[in-house]
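There are 2 protein chains.
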Amino acid sequence: MYFCFVNSNTEENYLKAIFLLTDGVSEVQPKELSESLGVKMPTINSMMKRLLEKGLVEHTSYRPISLTKSGKKMAALIIRKHRLTEMFLVEKMEFGWEEVHEIAEQVEHIKSPIFFEKMNEMLGSPKQDPHGSSIPDLNGNIDNVNYPKLSDCEKNAELRLVAVNNSSEDFLKFLNARKISLGLRMKVLSVESFDGNMTILFNEKREEVLSKIVCDRLLVTQLNPSK
Amino acid sequence: MYFCFVNSNTEENYLKAIFLLTDGVSEVQPKELSESLGVKMPTINSMMKRLLEKGLVEHTSYRPISLTKSGKKMAALIIRKHRLTEMFLVEKMEFGWEEVHEIAEQVEHIKSPIFFEKMNEMLGSPKQDPHGSSIPDLNGNIDNVNYPKLSDCEKNAELRLVAVNNSSEDFLKFLNARKISLGLRMKVLSVESFDGNMTILFNEKREEVLSKIVCDRLLVTQLNPSK
DNA sequence: GTATAAACTTAGATGTATCTAACAAATAAG
DNA sequence: CTTATTTGTTAGATACATCTAAGTTTATAC
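Going line by line, the protein sequences match chains A and B.
Residue numbers for the first sequence, in our numbering: 9 to 235.
Residue numbers for the second sequence, in our numbering: 9 to 235.
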């Protein structure tokens, strides 16, 4: 039996949003999805009805939403296209990492496997996008490395910034202004227990205080202590 | 008074189709437009109503359709994005000229002036796309060079292929198979008056018979006779 | 110059994607 | 454990983009 079923851009956006909101957890509340997509609750409801019929989500009345296996794969492939595009824009077209999300948000819906595989080839099959997020492979499998947040690290921790949690233009411009980019070495000099502000030493020379809000969005790895 | 009015992809496709069908002439018949877009007549009708209200087309009942000045500009800017994309795909991503139309058809709707201007810059502000069609400038102005068709040339004419009339994959693959590409020198050896077939000498060495259908789609310039 | 054919228009229907208003269920608060 | 609040659902409305069926106008043919 042969199925040729194409999803609208809108449907793709719902799948993507559910995928991203269920990162780590298994389900998402309709309310959360509605806020994430900027649509009202009944809209979520009618779209879930459609995606349910297509076998892409699981959802029973008054219960949270999750993706089926095929929904997950479909979402991962859209995210693959999004992240390859972001990488292409940064590496091959000299865009800043703060400029690429909006463009990739549109490019990701282009129907042309060869277009994205050409990007992939030109980029040498990158494993991460410019914000440090993993790029799913052609089968929709994605490395689920769960980097800790800077805000969860303790005093004296020696770290490297490997990803950001959020690709909003404002946040990335904030980081640019402070010359904070992926790969940067950081040491936690102090943590203010009252508000979660952290004082960080960058590259062993520059010292700066970062708010909890910012520290929540910076993902790090422990630096090899043998070094 | 401030207007922020965005057109849907569908509207953009109508504007583009009208622009291309009114190349050289001033109007297009609704029927022609309907066939070109693959929609039924009433669909044309209701879209014309909308584009009329937006001041993008001129149309009165039972009369042909034309673009207003602002409709023309808008269409030209979409075509600019399409043709820049085609050029980018060929020059920077190593696609064949027969592969790019379908992809550009989708990319042209992306809303990001900087994305296309970056392409333009990387390409060195090209004046033609890979099929020899002029690329409109940022103001929507387009060089209207009207190259003659090969089929309108006479015996013994010495020519250079400068553009094709049609970017369909099948036609371009047909040309690829015969190693016919832009810039190729051609001499008309004979014209069959019965069916319009032409015998052409390519690059002063290779001889081939081309059907009228093909000759209608090949656009040429007269080679400088002083050469 | 009427008859016929082709092109065009109107009216009304369908499916997508959204909304508001009103109602129902689940959760939180007292 | 009842009440209030939040969350979720249903029903019905709107706008877009399309269709079919039926009627109208223009063009073509004889």
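Glycine included, C-beta positions come from ideal geometry on N, C-alpha and C.
For Val98 of chain A, the uninterrupted alpha helix (DSSP H) run begins and ends at 77-101, by DSSP. Sequence-distant Cβ neighbours of His90 of chain B in its own chain, meaning closer than 6 Å and more than five residues away, are Ala112, Glu116. Contact annotation: in the stretch 109-123 of chain B, residues whose CB is within less than 9 Å of a CB in chain A are Glu110, Ile111, Gln114, Val115, His117, Ile118, Lys119, Ser120, Ile122, Phe123. At a cut-off of 8 Å between beta carbons, Met206 of chain B makes no contact with chain A. CA-CA distance, Arg168 of chain A to Glu35 of chain A, rounds to 31 Å.
At a cut-off of 8 Å between beta carbons, Lys126 of chain B contacts chain A. By the C-beta density criterion, Tyr70 of chain A is exposed, having fewer than 16 other C-beta atoms within 10 angstroms. In the three-state reduction of the DSSP assignment, Ala112 of chain A falls in the helix class. Between Met130 of chain B and chain A, the shortest Cβ-Cβ separation is below 8 Å. Cβ neighbours of His109 of chain B within its own chain (closer than 6 Å, five residues either side excluded): Ser175. Under the Cβ distance rule, Met101 of chain B counts among the residues neighbouring chain A, one pair being separated by less than 8 Å. Straight-line measurement puts the Cα of Val196 of chain A at about 14 Å from the Cα of Asp224 of chain A. Collapsing the DSSP output to three states places Ile73 of chain B in a strand. It is roughly 15 Å from the alpha-carbon of Leu23 of chain B to the alpha-carbon of Ile150 of chain B. Here Ala185 of chain A is exposed: its Cβ has fewer than 16 other Cβ atoms, across all protein chains shown, within 10 Å.
Closest in alpha carbon position to Leu97 of chain A, among A:Phe124, A:Gly204, A:Val153, is A:Phe124. Using a Cβ distance threshold of 8 Å, Met55 of chain A and Pro38 of chain A do not count as a contacting pair. Between Pro156 of chain B and Val228 of chain B, the CB-CB gap stays under 8 Å. Annotation: the continuous beta strand (DSSP E) that includes Lys195 of chain B extends over 193-199. Contact annotation: Ala165 of chain A and Gly140 of chain A have beta-carbon atoms that are not nearer than 8 Å. For Leu227 of chain A, the enclosing beta strand (DSSP E) starts and ends at 226-230. Excluding its 5 nearest sequence neighbours in each direction, Pro134 of chain A has C-beta neighbours in its own chain below 7 Å: Met95, Ile143, listed in chain order.
Short of 8 Å from the beta carbon of Asn173 of chain A, and not among the five residues preceding or following it, lie these beta carbons of its own chain, in chain order: Lys157, Asp224, Arg225, Leu226, Leu227. DSSP, read as helix, strand or coil, puts Lys220 of chain B in helix. Membership of Thr18 of chain A in the alpha helix (DSSP H) is indicated by the continuous run 17-29. If you look at Leu209 of chain B, you'll find it isn't in any alpha helix (DSSP H); it sits in the beta strand (DSSP E) that goes 206-210.
Spanning the alpha carbons of Glu107 of chain A and Ala83 of chain B requires a straight line of approximately 26 Å. With respect to the 8 Å criterion, Ser42 of chain B and Ile26 of chain B are not classified as neighbours on the basis of their beta carbons. Within 10 angstroms of the beta-carbon of Val33 of chain A lie fewer than 16 other beta-carbons, which makes it exposed. Cβ-Cβ distances below 8 Å link Asn147 of chain B to Lys81 in the same chain, with the five nearest sequence neighbours on each side left out; the list follows chain order. Beta-bridge partners of Val33 of chain A (DSSP): none assigned. For Glu129 of chain A, the enclosing alpha helix (DSSP H) has its first and last residue at 121-130. Partner residues in a beta bridge of Ala185 of chain A, as assigned by DSSP, do not exist. For the pair Asn211 of chain A and Leu192 of chain A, the CB atoms are nearer than the 8 Å cut-off. When the alpha-carbon of Glu20 of chain A is set against those of A:Glu40, A:Leu64, A:Glu177, the nearest one is in A:Leu64.
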